[in-house]
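Going by my numbering, the sequence shown opens with residue 15, and the numbers climb by one from there.
Here is the structure we will look at.
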Amino acid sequence: MTTAEAMDIMREALVIAMKLSAPVLLLSMAIGILISILQAATQIHEQTITFVPKLLVIALVCLFTGSWMMQTMQEFTQELFILMQG
Numbered sequence: 015m016t017t018a019e020a021m022d023i024m025r026e027a028l029v030i031a032m033k034l035s036a037p038v039l040l041l042s043m044a045i046g047i048l049i050s051i052l053q054a055a056t057q058i059h060e061q062t063i064t065f066v067p068k069l070l071v072i073a074l075v076c077l078f079t080g081s082w083m084m085q086t087m088q089e090f091t092q093e094l095f096i097l098m099q100g
């Protein structure tokens, strides 16, 4: 395996990691911002208030996108094994 091939594999792994983590991270950040705005407006500054909504959103996102995430990881892993054999 050449250095270029190894770099291609690493680049593809990073792209896949960003694809898989983006829905969870973006929705979690959006919920955090909305809760922060709500806390600022109501002057309730309890840090635990953001935890439950974020946890619920992350669970729902994983529930709805979990099969796509697994499929993506399976395809990438199969590509890696094919490269190792050849």
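Glycine is no exception: its CB is placed at the ideal position from the N, C-alpha and C atoms.
Whether residue i touches residue j by CB criterion (9 Å)
i: I47; j: V71; result: no
i: K33; j: T91; result: no
i: E26; j: E93; result: yes
For residue j and residue i, the rounded distance between their alpha carbons
i: V29; j: G80; result: 17 Å
i: C76; j: V38; result: 8 Å
i: A36; j: M84; result: 15 Å
i: A54; j: E60; result: 11 Å
i: Q88; j: T56; result: 46 Å
Neighbourhood of residue i by C-beta, 7 Å cutoff - its chain only, sequence neighbours within 5 removed
i: S42; result: K68, V71, I72
Candidates the options, of which the one nearest residue i by Cα
i: V66; options: F78, I58, I49; result: I49
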